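Residue numbers (the numbering used here): -7 to 215.
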């Protein structure tokens, strides 16, 4: 289990201005499944200043997400073993099993790199799938769970395998979708995201509908 995280930005040049949360989010524009079997889903966005040049979360935001989830169990994510010579792999595309594994890491930095900044299973291209298991438990995951974002029926199967939560990249990797099968864990993670954002020097805003996008663009709103 991941025990602690650095709250600051580390190598990032800038700072977290705000974290934006949308419980039970809707809308196809986020390129995340919404018609799924789970107790709670949460859309997470961020505004980082100055705005990063590259897509996806800055390292400080990535650490924040990993830390909030990792306090409740081990994170398993797709990882290349012998990657193809060219290109990156998108979730849902077939890749022979010997070329990848579901890797589990107790290190925040290792998990951050493997989930958000790996050359293959690209987060920015929506090619990553992350499962939160119970503390000390080993998840038996197969290749077909790489298709999770496009096949919502797999959510129920993952719950049966002991998965407590799921993390998926949204549009361009610029938002993250969190899904929980346990409402108590969902509530706790929600609170931890708020605390970690404030510890990193940022605000945390709950916004729904069009207000969510407005917050990402910098419109003012309540804490």
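Cβ atoms here follow ideal geometry from the backbone N, Cα and C, with glycine treated the same way. No experiment lies behind these values; they were computed from the predicted model shown.
What residues match up with residue i in a beta bridge as DSSP calls it?
i: residue 92; result: 72
i: residue 147; result: None, per the DSSP bridge assignment.
i: residue 122; result: 69, 159
i: residue 7; result: 41
i: residue 36; result: 13, 168
i: residue 195; result: 10
i: residue 97; result: 67
Can you tell me the Cα-Cα spacing of residue i and residue j, whole angstroms?
i: residue 19; j: residue 26; result: 8 Å
i: residue 90; j: residue 122; result: Low confidence applies here, because residue 90 scores a pLDDT of 47, under 50, leaving its location unreliable; read the following figure in that light. Spanning the two alpha carbons is a distance of roughly 19 Å.
i: residue 209; j: residue 170; result: 21 Å
i: residue 14; j: residue 164; result: 18 Å
i: residue 132; j: residue 24; result: 24 Å
i: residue 94; j: residue 109; result: 16 Å
i: residue 184; j: residue 56; result: 9 Å
i: residue 111; j: residue 117; result: 11 Å
i: residue 127; j: residue 100; result: 15 Å
i: residue 217; j: residue 120; result: No statement about residue 217 is possible, as the shown extent of the chain runs from -7 to 215 and does not include it.
i: residue 193; j: residue 54; result: 15 Å
i: residue 5; j: residue 42; result: 8 Å
i: residue -5; j: residue 189; result: With a pLDDT of only 42 at residue -5, under the threshold of 50, the placement of this residue in the model should not be trusted; the figure read from the coordinates follows. Residue -5 and residue 189: Cα-Cα distance of roughly 17 Å.
i: residue 142; j: residue 21; result: 14 Å
i: residue 199; j: residue 207; result: 8 Å
i: residue 16; j: residue 98; result: 29 Å
i: residue 168; j: residue 182; result: 13 Å
i: residue 129; j: residue 45; result: 38 Å
i: residue 103; j: residue 48; result: 15 Å
i: residue 115; j: residue 191; result: 25 Å
i: residue 180; j: residue 124; result: 14 Å
Report yes if the C-beta distance between residue i and residue j is below 7 Å; otherwise report no.
i: residue 96; j: residue 72; result: no
i: residue 10; j: residue 195; result: yes
i: residue 106; j: residue 69; result: yes
i: residue 37; j: residue 58; result: no
i: residue 61; j: residue 40; result: no
i: residue 151; j: residue 137; result: no
Is residue i near the ligand NAP, in the sense that its beta carbon is under 6 Å from a heavy atom of that ligand?
i: residue 183; result: This structure simply doesn't include the ligand NAP, nor any ligand for that matter.
### Task
Kindly confirm or deny that the segment 29 to 46 and the segment 146 to 158 touch, where touching means at least three C-beta pairs closer than 8 Å.
Enough Cβ pairs lie closer than 8 Å, so yes.
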